[in-house]
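Accompanying notes for the structure given below.
Next comes the structure, spelled out in structure tokens:
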């Protein structure tokens, strides 16, 4: 691993933890040093995840490591099951436990008959890739383990949201906006929000939804499994911009064979017209340079905001992904992911006079000639409290329009 001045890319284990903890009626039990859990608790708390009675640790000593003693884990499983009575206990191995090769799956197998909770373990300790792999594996596991029965009662007015990662900046606001869009467009109600808000019972019934809305690529395998098991169609697109939002709604109308609320559709069409008029007006005024934007963040944020910026005639200069692109085909998208942080820092320092969307650290490295907006993880000095300030949908575009106008004003 090369020298890292800021935050290293989180491992798959970290994403497993923040994807499991929002699940109600369950407990995450970390098998490892208490210090690891203590550090992680502060990290997860910045995502506005409720940690009370949802995260526990066994702690381990030198004897546990040297002798391979698993009695702490056995006792912790029994204690959590008796005192908190969760439906599921997720046992997650720390890095040190994974390195010494403790057979956590074996422990869960023989302990299952001694507890009422279902035991599910994650034992790779963070050596299975970056956080995107953890998100993908956890979502897929939810479908495999909980999506029952095989023939659920279908509800034509219910939809699920897959890919709402708790680490995504302002994700609860984006979910609030998506719920409102679905209500205003089709009068549909939300079922499950996979990875952010769900009960075990909700996971069991998620096959009954009429549609699955996919917000990030890592949720696609789970969506494909749900389609295979229950025939549930899915849409993989994030509603950024007025045009993008209307296209998103139109595609769902076709999939669902539903009519869009006419007044809401006209409202969006009016805003699209206003954007075109504003773009022409801005381009007609004297500007020192062509409007240019750079975007730093997760893959799906880059794709969504790139399309949004193009609505306003922006040239997209840099697209820098904060995670591995190993399993993503980006041949025609000009997206880069740096193995060495030094190369990324040098690239960021060369961004001048642009509209920059990114994580808090990256936009901080860019100089002050840029108009900057934090849209992505990590955001070390920020917390997630508000649930009404989205980036997606109609209201998200209203806010981003203000940023665009500020940028155009700075260019004159």
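In the numbering used here, the protein residues as written are -2 to 409. Just so it is clear, CB atoms sit at the ideal spot from N, CA and C, and this is done for glycine as well.
Which of the three DSSP states is assigned to residue 141 in this structure? Here residue 141 sits in helix by DSSP.
Taking DSSP as the reference, what is the three-state secondary structure of residue 243? Here DSSP, grouped into helix, strand and coil, assigns residue 243 to helix.
Length-filtered (4 minimum) alpha helix (DSSP H) runs lying within the segment 319 to 365: Within the segment 319 to 365, the complete alpha helix (DSSP H) runs of at least 4 residues are 338 to 346 and 357 to 362.
Residue 287 burial status per 10 Å Cβ neighbour count (16 or more: buried): Counting Cβ neighbours within 10 Å, residue 287 comes out exposed, since fewer than 16 surround it.
Could you please give the first and the last residue of the uninterrupted beta strand (DSSP E) stretch that includes residue 45? Here residue 45 belongs to no beta strand (DSSP E), and DSSP marks it neither H nor E.
Residue 116 versus 272, 195, 191 and 82, residue with shortest Cα-Cα distance: That would be 82, whose Cα lies nearest to the Cα of residue 116.
By a C-beta neighbour count over all protein chains shown, 10 Å radius and 16 as the cutoff for buried, is residue 200 buried or exposed? Answer is buried; the Cβ neighbour count reaches 16.
Beta-carbon separation of residue 26 and residue 88 under 8 Å? In this structure, residue 26 lies near residue 88, with their beta-carbon atoms less than 8 Å apart.
With a threshold of 8 Å, are at least 3 pairs of Cβ atoms found where one atom belongs to the segment 302 to 316 and the other to the segment 233 to 250? Under the three-pair Cβ rule at 8 Å, the segment 302 to 316 counts as touching the segment 233 to 250.
DSSP three-state assignment for residue 254, whether helix, strand or coil: Here residue 254 sits in coil by DSSP.
Measure the C-alpha to C-alpha separation of residue 36 and residue 207 and round it to an integer number of angstroms. Taking the straight line from one Cα to the other gives about 40 Å.
Using beta-carbon positions only, say whether residue 258 and residue 182 come within less than 8 Å of one another. With respect to the 8 Å criterion, residue 258 and residue 182 are classified as neighbours on the basis of their beta carbons.
Going along the chain, which unbroken runs of the beta strand (DSSP E) with 3 or more residues stay wholly within the segment 200 to 243? Segments of the beta strand (DSSP E) lying fully in the segment 200 to 243: 206 to 211 and 231 to 233.
What's the gap between the Cα of residue 93 and the Cα of residue 86? Take the alpha-carbon of residue 93 and the one of residue 86: they are about 21 Å apart.
Touch test, the segment 153 to 168 against the segment 181 to 197, Cβ-Cβ under 8 Å, three pairs minimum: Yes, the segment 153 to 168 touches the segment 181 to 197.
Residues bridged to residue 121 [DSSP beta-bridge criterion]: None, per the DSSP bridge assignment.
Between the Cα of residue 410 and those of 336, 265 and 373, spot the shortest distance and give me the residue it belongs to. Residue 410 falls outside the range modelled here, since the chain spans only -2 to 409, and no answer is possible.
Would you call the segment 308 to 315 and the segment 346 to 364 in contact, with 3 or more CB pairs under 8 Å? Contact annotation: the segment 308 to 315 touches the segment 346 to 364, with at least three C-beta pairs closer than 8 Å.
For residue 386 and residue 43, what's the separation of their Cα atoms in angstroms? Their Cα atoms are separated by approximately 17 Å.
How would you write the range of the alpha helix (DSSP H) that residue 84 sits in, first residue to last? No alpha helix (DSSP H) holds residue 84; DSSP gives it neither H nor E.
Exposure of residue 31, with buried meaning 16 or more beta-carbon neighbours within 10 Å: Note on residue 31: under 16 other CB atoms within 10 angstroms of its CB, so exposed under the neighbour-count rule.
Kindly indicate which three-state DSSP category residue 308 falls into: helix, strand or coil? In the three-state reduction of the DSSP assignment, residue 308 falls in the coil class.
From the beta carbon of residue 187, is the nearest beta carbon of chain B less than 8 Å away? Among the protein chains of the structure shown there is no chain B, as only one such chain exists.
May I ask you to list the residues that DSSP assigns as paired with residue 196? 21.
So, for residue 360: in the same chain, excluding its five sequence neighbours on each side, which residues have a beta-carbon less than 7 Å away from its beta-carbon? Excluding its 5 nearest sequence neighbours in each direction, residue 360 has C-beta neighbours in its own chain below 7 Å: 353, 369 and 371, listed in chain order.
Alpha carbon to alpha carbon, how far is residue 252 from residue 73? One C-alpha to the other measures close to 47 Å.
Rounded to the nearest angstrom, what separates residue 64 and residue 138 at their Cα positions? Those two C-alpha atoms are separated by around 32 Å.
Per-residue DSSP class, three states only, for residue 407: The answer is helix: DSSP assigns residue 407 an H, G or I state.
Quick one: what's residue 53 bridged to in DSSP? Answer is 26.
Check the C-beta distance from residue 9 over to residue 128 and give it rounded, since I have them as a contact under 8 Å. With 8 Å as the limit, residue 9 and residue 128 qualify as a contact, their Cβ atoms being about 6 Å apart.
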